[in-house]
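A.B. asks: The numbering used here numbers the first residue of the sequence shown as 410 and each following residue consecutively.
A virtual CB, placed ideally from N, CA and C, is assigned to each residue, including glycine.
What you are looking at is a predicted structure, and each value in this text was computed from that prediction instead of being measured.
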Amino acid sequence: MSPVLAGVLQLLALIAALVLAYVPLGDYMAKVYSSDKHWRVEKWIYKGIGANPNTEMRWPAYLRGVLAFSAVGVLFLYLLQRLQGHLPGSLGFAAIDPDQAFNTAASFVSNTNWQSYYGEQAMGHVVQTGGLAVQNFVSAAVGIAVAVALVRGFSRSRTGELGNFWADLVRGTIRILLPLSVVAAIVLVACGAIQNFSGIHSVGQFMGGSQQWNGGAVASQEAIKEIGTNGGGYFNANSAHPFENPTPFSNLFEIFLLLVIPFALTRTFGRMVGSLKQGYAILATMATIWLGFIALMMWTEFAHHGPAFQIAGGAMEGKENRFGVGASSIFAVSTTLTSTGAVDSFHSSFTGLGGGITILGMQLGEIAPGGTGSGLYGMLIMAIIAVFIAGLMVGRTPEYLGKKIGTREIKFAACYILITPALVLVFTAAAMALPTPGHSMTNSGAHGFSEILYAYTSGANNNGSAFAGLNADTQWFNSTIGIAMLLGRFLPMVFVLALAGSLAEQKPVPATAGTLRTEKPLFTGLLVGAILIITGLTYFPALALGPLAEGLAS
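(1) Does the Cβ-Cβ distance between N870 and Q772 come in under 9 Å?
(2) Sorted by chain position, which residues of the same chain lie with C-beta nearer than 7 Å to G552's C-beta, five sequence neighbours on each side aside?
(3) Measure the CB-CB distance between K929 and A690 and report whether it falls below 9 Å.
(4) If T760 sits next to T709, beta carbons under 8 Å apart, how far is it from one beta carbon to the other, in whole angstroms?
(5) Straight-line CA distance for S966 to E860?
(6) Which residue from S516, G608, E631 and S629 puts its Cα closest to that of Q621?
(7) Rounded to the nearest angstrom, what separates G679 and F574 at their Cα positions?
(8) Tell me E663's beta-bridge partners as DSSP assigns them.
(9) So does the region 489 to 508 actually touch the region 579 to 595, counting three or more Cβ pairs closer than 8 Å?
(10) Please state whether the Cβ-Cβ distance between G641 and Q524 is less than 9 Å.
(11) Taking the alpha-carbon positions, what's the L705 to S443 distance?
(12) Taking the beta carbon of K686 as the centre, do at least 16 other beta carbons fall within 10 Å, making it buried, or is it exposed?
(13) Any beta-carbon of chain B closer than 9 Å to the one on M791?
(14) Are S499 and F546 touching if we call contact CB-CB under 9 Å?
(15) Just mark K634 as buried or exposed, buried being the case when its beta carbon has 16 or more other beta carbons within 10 Å.
(16) Identify every run of the alpha helix (DSSP H) within the region 743 to 798, keeping only runs that are complete inside it and at least 4 residues long; order them along the chain.
(17) Comparing alpha-carbon positions, which option in V535, S754 and L785 lies nearest R676?
(18) On a Cα-Cα basis, can you pick out the residue from G501, Y526 and A503 that is closest to N512?
(19) Would you list the residues sitting across from M681 in a DSSP beta bridge?
(20) Determine which residues share a DSSP beta bridge with E818 and list them.
(21) Expressed to the nearest angstrom, what Euclidean distance is found between the alpha-carbon atoms of T845 and I794?
(22) Grab me the residues of I664's own chain with a C-beta within less than 7 Å of its C-beta, minus the 5 sequence neighbours each way, in chain order.
(23) CB-CB under 7 Å to F797, same chain, minus the five flanking residues each way: which ones, in chain order?
(24) Mind checking who M850 pairs with in its DSSP beta bridge?
(25) Just mark I840 as buried or exposed, buried being the case when its beta carbon has 16 or more other beta carbons within 10 Å.
(26) Who are the Cβ neighbours of R491 in its own chain at under 8 Å, not counting the five residues just before and after it?
(27) I believe A649 touches V734 by the beta-carbon criterion, under 8 Å. Please report the beta-carbon distance rounded to the nearest angstrom.
(28) My understanding is that S516 touches G873, with C-beta atoms under 8 Å, so please give their C-beta distance in whole angstroms.
(29) Spell out a yes or no on whether the region 900 to 911 and the region 823 to 835 are touching, meaning 3 or more CB-CB pairs, one atom from each, closer than 8 Å.
(30) Would you grab the beta carbon distance between G765 and L952 for me? Rounded to a whole angstrom, and I think it's under 8 Å.
(31) Closest by CA to V833, which one among H848, F932, P950 and G727?
(32) Leaving out the 5 sequence neighbours to the left and right, which residues in its chain are closer than 6 Å to V560 when beta-carbon positions are compared?
(33) Confirm, please, whether the CB-CB distance from M902 to A777 is below 9 Å.
(34) Pick from Y865, N880, Q915 and S629: whose alpha carbon is nearest that of G891?
Structural data, given as structure tokens:
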């Protein structure tokens, strides 16, 4: 079987699995966030944290809950790392340096999972499971909660109430993420992923010295890192490591895990607003971009430019022989179009244009299908921008899902789409202008610039993957990327929740003959075009200096 055919068949199998899970998972999540009943274990949690789950919150109160919970998470994870040397199960590892502890705490709480350290050489069992894995659950649940709050803004009228953050957080964790992770972890263990709490042990003699590995609760952390679109690996090689991702089947299964909730949330959205067709329109937009990017990536990585590529059957440098070019291309596109950041190959070794596709995927805002929750609310923001553009074209006040998009709403949407590009471009420019950050680049020229552009794009968009050529474990990069991750995660949430509150206060507007039909293919095309044009106008100069220059020169 040719490598191209193998890649296409894997893509078709992946699509079939996503289609089978779409309706039941989407409907189940809609029931979770619409139910007025609480499980017994949830009542215990509410009592423990002193929250009343039946109290409705307006958007400022909902936002305060998000920020307070996340701030406590950053502080707790920072202290856990700083005290690691005094904790049981530390495997003899010392405390993490302050700048790296801040970077890691900001990373996992913001659902970024950027790692400037070697996991198997820095973090013991307590930090890995009690700190990082816990944040994998709750940071993903926070993203879904904010998305659900925005959906309630569309579905409710004449009220500013968006639900209860604590109830949404607990339900997302207990009823959705935890059960899915248990099942996924069992499947991964069956595939050969490890799950233990063993210490460090030698595995053989190599070149006069012994190689050492430590075990860990890898399968369980691998499950939630993909399901919650987190991405942080137990080992430095991430999902290219055989302990995390042993077989071609486990590789395809992990791609399925990182896509299934973001895609299924469009069904949840359609169910909660009372129009499944609206959910299908958002799904079609996400799927069009995702499939288009996979086709481009496969084309660039399978292109036979030179005898080395011809012999290997594609650009195999930096890719696992277990997976090949096709599966690696699907994984790379899926992980950068979501906010996952997990990798089964090293994006710095992709072709120049292939590396550019991974960067562009993040620069779209990771909305196709995006992260757990963040993908949906990011796409809905872009839908508001699209209907505003359509309104300007016909001279009519734009409407979306029965709500008028006025000056206030479009200001919130505009602020949302401007925050992340500003963070990426300002920090990249500063790193290139100052003398010290440039020393971290392994490569010079266009590829070296791409390393830094990728790092800040990954951090500000809460992706977490790296170009694998930048030494980011410095005070400059730990601090600035940490700041970019926090601002890139929580500043957009401010405008999402403010927009949700504004929409919920409106009364519904009846549809007329002049209302834009946002459930039609025409609107899907408009939305795809708006996303690509806005991203292109924002990032084209930076992309031209990096991956485009490298790709055209090769």
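C.D. replies: The answer reads as follows:
(1) yes
(2) N520, G780, T781, G782 and S783
(3) Result yes, Cβ atoms of K929 and A690 sit closer than 9 Å.
(4) 5 Å
(5) The requested residue 966 is not part of the displayed model; the chain covers only 410 to 963.
(6) G608
(7) Cα to Cα, G679 sits roughly 21 Å from F574.
(8) For E663, which the question treats as bridged, DSSP gives no partner whatsoever.
(9) no
(10) yes
(11) 39 Å
(12) exposed
(13) The displayed structure is made up of one protein chain only, and chain B is not part of it.
(14) no
(15) buried
(16) 761 to 772
(17) L785
(18) Y526
(19) Partner(s): none; M681 has no beta bridge.
(20) Note: E818 sits in no beta bridge, so no partner.
(21) 39 Å
(22) Within its own chain, the residues whose Cβ lies closer than 7 Å to the Cβ of I664, once the five positions on either side in sequence are excluded, are L423, I739, F740 and S743, listed in chain order.
(23) P807, I814 and I819
(24) L879
(25) For the record, residue 840 in the displayed sequence is Ala; it is not Ile. Buried, since its Cβ has 16 or more Cβ neighbours within 10 Å.
(26) Result list for R491: A504, I505, P507 and A510, in chain order.
(27) The Cβ separation is near 14 Å, so there is no contact.
(28) 7 Å
(29) Taking 8 Å as the limit for Cβ pairs, the verdict is that the region 823 to 835 does touch the region 900 to 911.
(30) The Cβ separation is near 6 Å, so the contact holds.
(31) P950
(32) In chain order, F678 and M681 place their CB closer than 6 Å to the CB of V560, counting only its own chain and leaving out the 5 sequence neighbours on each side.
(33) no
(34) Residue nearest to G891 within the set Y865, N880, Q915 and S629 is Y865 (criterion: CA-CA distance).
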